[in-house]
Amino acid sequence: MYNDLLELPQRVIATARIGVRPELRDIETASRQLIAARTELQRRGRSALDLEPARVAIAVLRLGHMPHRNACIGAVAALADVMTDPEPLDGDV
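Shown next, in the form of structure tokens:
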């Protein structure tokens, strides 16, 4: 469940990294999914700071701009770190 929330944001940011502007509907959906992921992390008592680089990159895209390539790389890497965290986040423990 949790990784499902982060896959689209990661893909949207990776698309921007190569210089291609993602579709607006994908940007908006990615923004909502990041908010849901942050809420889930906080609900489980965990820090959501690792999602900040992705939040910033998505916010820049929502404003109609392209985030800097290095910011995209950092955001994609940060999301990958959260997605590979060994602690289960889907409640199926």
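The opening position of the sequence shown corresponds to residue -12 in the numbering used here, with each subsequent residue numbered one higher. Just so you know, even glycine gets a beta-carbon here, dropped at the ideal spot from N, CA and C.
Original post:
Are proline 54 and alanine 44 close, meaning C-beta to C-beta below 8 Å?
Top reply: yes
Subject >> Exposed unless 16 or more other CB atoms sit within 10 angstroms - verdict on glycine 61 >> reply: buried
Subject >> Length at least 4, wholly inside the region -11 to 64: the alpha helix (DSSP H) runs in chain order >> reply: -11 to 4, 11 to 30, 39 to 49
**OP:** Could you tell me whether the Cβ atoms of glutamine 20 and leucine 66 are closer together than 8 Å?
**Re:** no
Subject >> Proximity to alanine 24 [Cα-Cα], best of Arg4, His52, Arg12, Asp37 >> reply: Asp37
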